[in-house]
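Asker: One point on numbering: in our numbering, the residue at position 110 of the sequence shown is 110, and numbering is uninterrupted. We put the CB at the ideal spot given by N, CA and C, even for glycine. Remember, predicted model here, so these are calculated numbers, not experimental data.
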Amino acid sequence: MSIFKRFISAACALAVVGTFSFTFAPSNTGETKLNAAVDSNNDDWLHAKGSRLYDMNDNEVWLTGANWFGFNCNEACPHYLWSADADDCLTEIADRGINIIRFPISTELIVSWMNGKPNPVNSFSANADPAFTINADFCEADG
């Protein structure tokens, strides 16, 4: 075996040993300090105990979500708002037991909002206002 091949073999062996020594090294077993904000108003909607979520009355909460597409497409607004009222859509969603809505948004649309030049809406009289003009009180009332 040539000297070069021996050198490469030794370097690779050292790299493997070095990788495993860091992988199996003991971790810091000290206590982890959390810097969580203290709730001074005691008005949180949800809080966690272990791996479970509870509402402000200590009832366990099950989160069921859905995606509302449109901001990730050429329309640049949530789908179906051109044919239905937002409050009616939210009522339909809540009636099906869904209590979380996720709005996937394309990076291109976010950049256009940041630049102050929103992409045009490609639908019938839809609103591309990034402030989401859905009534928050209505969402809370519907769950």
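Measure how close the beta-carbons of Phe71 and Pro104 come, nearest whole angstrom, since I'm counting them as under 8 Å.
Answerer: For this step, residue 71 is matched to residue 71 along the sequence shown. For this step, residue 104 is matched to residue 104 along the sequence shown. About 7 Å separates the two Cβ atoms, so the contact holds.
Asker: Roughly how many angstroms lie between the CA atoms of Met56 and Lys49, to the nearest whole one?
Answerer: Translated into positions along the sequence shown, residue 56 becomes position 56. Translated into positions along the sequence shown, residue 49 becomes position 49. The alpha-carbon atoms of Met56 and Lys49 are separated by roughly 12 Å.
Asker: What number of angstroms, rounded off, separates the C-alpha of Gly116 from the C-alpha of Ile110?
Answerer: Against the sequence shown, residue 116 aligns to sequence position 116. Against the sequence shown, residue 110 aligns to sequence position 110. Cα to Cα, Gly116 sits roughly 10 Å from Ile110.
Asker: Just grab the DSSP bridge partners of Lys49 for me.
Answerer: Looking up residue 49 in the sequence shown gives position 49. According to DSSP, Lys49 bridges with Arg52.
Asker: Going by DSSP in three states, Ile98 sits in which element: helix, strand or coil?
Answerer: As a position in the sequence shown, residue 98 is number 98, starting the count at 1. Three-state DSSP puts Ile98 in coil, outside helix and strand.
Asker: Compare the Cα-Cα distances from Arg102 to each of Pro78, Ser51, Glu60 and report the closest residue.
Answerer: Against the sequence shown, residue 102 aligns to sequence position 102. If we check each option's Cα against that of Arg102, Pro78 comes out closest.
Asker: Quick one: Cα of Trp113 to Cα of Arg96, how far?
Answerer: By one-based count along the sequence shown, residue 113 stands at place 113. By one-based count along the sequence shown, residue 96 stands at place 96. Distance between the alpha carbons of Trp113 and Arg96: 32 Å.
Asker: Distance, Cα to Cα, Glu92 vs Phe69?
Answerer: In the sequence shown, counting from the first residue as 1, residue 92 sits at position 92. In the sequence shown, counting from the first residue as 1, residue 69 sits at position 69. About 16 Å.
Asker: When you compare only the Cα positions, how much space is there between Ile98 and Ser83?
Answerer: For the purposes of this step, residue 98 is taken as residue 98 along the sequence shown, with counting starting at 1. For the purposes of this step, residue 83 is taken as residue 83 along the sequence shown, with counting starting at 1. Those two C-alpha atoms are separated by around 21 Å.
Asker: Where does Ala126 fall in DSSP's three states?
Answerer: Taking the sequence shown and counting its residues from 1, one reaches residue 126 at position 126. Its pLDDT being 49, under 50, Ala126 is placed unreliably by the model, and the measurement read from it follows with that caveat. If DSSP states are grouped into helix, strand and coil, Ala126 belongs with coil.
Asker: Drop a sphere of 10 angstroms on the beta-carbon of Ala10, count the other beta-carbons inside from all chains shown, and report buried for 16 or more, exposed for fewer.
Answerer: The sequence position of residue 10 within the sequence shown is 10, counting from 1. With fewer than 16 Cβ atoms within 10 Å of its Cβ, Ala10 is classed as exposed.
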